[in-house]
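Asker:
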Amino acid sequence: MAATGTTCENDAVAVLSRRAVLIAGALAVSAPVHPANALDGPGQDRDQGDLTDLERTDRTQLLAVVTKSEPLQPEDYVPPDLTSWRADPYELRAEVVYWLEQLFSAADEDDIGLRVISGYRSYETQAGTYDYWVRHHGQASADASSARPGHSEHQTGLAVDLDSARGGCYLDACFGETSEGRWVAEQAYRFGFVLSYPLGYRERTGYTYEPWHLRYVGPQVAGQMHDLEVVLLQDYLSPHLYSARLGSLLGLRD
Ligand SMILES: [Zn+2]
53 MAATGTTCEN
63 DAVAVLSRRA
73 VLIAGALAVS
83 APVHPANALD
93 GPGQDRDQGD
103 LTDLERTDRT
113 QLLAVVTKSE
123 PLQPEDYVPP
133 DLTSWRADPY
143 ELRAEVVYWL
153 EQLFSAADED
163 DIGLRVISGY
173 RSYETQAGTY
183 DYWVRHHGQA
193 SADASSARPG
203 HSEHQTGLAV
213 DLDSARGGCY
223 LDACFGETSE
233 GRWVAEQAYR
243 FGFVLSYPLG
253 YRERTGYTYE
263 PWHLRYVGPQ
273 VAGQMHDLEV
283 VLLQDYLSPH
293 LYSARLGSLL
303 GLRD
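So the number in the working numbering is just where the residue sits in the sequence shown, counting from 1, plus 52.
#1: Between A196 and G258, what straight-line distance do the alpha-carbon atoms span, to the nearest angstrom?
#2: Evaluate G209 with the Cβ neighbour count: other Cβ atoms within 10 Å of its Cβ, from every protein chain shown; 16 or more gives buried, anything less gives exposed.
#3: Could you check if E127 is buried or exposed, using at least 16 other CB atoms within 10 Å of its CB as the buried criterion?
#4: Report the residue ranges of all alpha helix (DSSP H) runs contained in full by the region 178 to 244; include only those spanning at least 4 residues, in chain order.
#5: Please check the pair H49 and Y241, which I expect to be a contact at CB under 8 Å, by giving their CB distance rounded to whole angstroms.
#6: For Q125, is the classification buried or exposed, using 16 other Cβ atoms within 10 angstroms of its Cβ as the cut-off for buried?
#7: CA-CA distance, L74 and V148?
#8: On the criterion of 16 or more Cβ atoms from any shown chain inside 10 Å, does G219 qualify as buried, or is it exposed?
#9: Along the chain, where does the alpha helix (DSSP H) that runs through S157 open and close?
#10: Taking the beta carbon of E161 as the centre, do at least 16 other beta carbons fall within 10 Å, making it buried, or is it exposed?
#11: Alpha carbon to alpha carbon, what distance is there between T181 and S198?
#12: Can you tell me which residues form a DSSP beta bridge with T135?
#13: Do G244 and W151 have their C-beta atoms within less than 8 Å of each other?
#14: Just the Cα atoms here: how many angstroms apart are T135 and S216?
#15: Do you know offhand how far G252's Cα is from Y261's?
#16: With three or more C-beta pairs closer than 8 Å as the rule, is the region 165 to 174 touching the region 184 to 191?
#17: Kindly examine ligand 1 and report whether one of its heavy atoms sits closer than 7 Å to the Cβ of G203.
#18: Tell me H48's beta-bridge partners as DSSP assigns them.
#19: Looking only at its own chain, which residues have a Cβ that is under 7 Å from the Cβ of W235, when we skip the five neighbours before and after it?
#20: Excluding the 5 residues flanking F156 on each side, which residues of the same chain have their C-beta closer than 8 Å to its C-beta?
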């Protein structure tokens with residue numbers, strides 16, 4: 053009967069809702085964990101009590117989707133905790149530096165040599181970079197390769213460009229074919245990073261393939277994106293994927 057079916061569905065929804073609330077509660081009361089004290093293992097092995105500082109306190113910026121059509125909020129945003137990367141002339145948010153160090157250590161153990169070739173870029177710097185591209189390569193080329201000021205992931209302090217320590221594929225798609233590029237593509241999620249501009253997603257991202265460009269989203273989200281095989285952060289955050297993600301958390305999905 054229709055009425056019975058409706059009741060069952062309502063019961064099922066109610067059960068799901070209660071479980072969702074329990075999960076949300078568990079996430080909300082997670083114990084504070086500074087990255088320096090956090091676990092040792094890959095993101096997907098961590099329990100909900102192992103959230104990092106940014107995962108607990110700054111999810112809005114941590115998971116901010118920044119694209120050609122969606123600027124940072126505010127557009128002249130400056131990260132509050134910029135920290136130097138080693139002795140290099142690059143800065144990233146403090147937690148990103150911590151996890152990038154973990155990534156570099158793991159790479160080193162696998163005889164993978166990496167180096168940072170870009171980090172935080174200010175609104176003003178990005179304006180200069182974009183203008184340079186427009187003047188030298190034209191508007192279309194500039195928009196395919198560079199971001200307008202206020203629209204660059206590098207302005208979040210969460211994005212970093214890498215290259216092989218050996219060089220040879222500096223800001224070139226061939227980096228993705230090197231042993232270093234392949235290692236990064238396979239392992240970065242364990243340290244909270246995703247590739248923002250993967251191969252085959254130009255129509256979605258507006259950018260050509262950039263195997264060197266990593267975006268930090270935190271080990272929790274990067275691990276879940278890996279497990280759910282979600283490539284783009286905007287898809288992970290979409291309402292449709294949210295349902296699938298919730299199903300996964302509830303054990304309703306393999
Ligand atoms: Zn980049």
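Think of the CB as a built atom: it goes at the ideal place given N, C-alpha and C, for glycine as much as any other residue.
Answerer: Looking at the coordinates:
#1: 7 Å
#2: buried
#3: exposed
#4: 191 to 197 and 231 to 239
#5: No information on residue 49 is available, as it lies outside the stretch 53 to 306 that the chain covers here.
#6: exposed
#7: Confidence at L74 is low in this model, with a pLDDT of 35, below 50, so the placement of that residue should be treated as unreliable; the coordinate-derived value is given next. Near 30 Å, if we compare the C-alpha coordinates of V148 and L74.
#8: exposed
#9: A146 to E161
#10: exposed
#11: The alpha-carbon atoms of S198 and T181 are separated by roughly 8 Å.
#12: T135 pairs with L144.
#13: yes
#14: 22 Å
#15: Their backbone Cα atoms lie some 7 Å apart in a straight line.
#16: no
#17: Rather than Gly, the amino acid found at residue 203 in this sequence is His. No, the beta carbon of H203 sits no closer than 7 Å to any heavy atom of ligand 1.
#18: As shown, the chain starts at 53 and ends at 306. That puts residue 48 outside it, with no answer to give.
#19: A159, D162 and I164
#20: Residues of the same chain with a CB within less than 8 Å of the CB of F156, apart from the 5 flanking positions on each side, are L166 in chain order.
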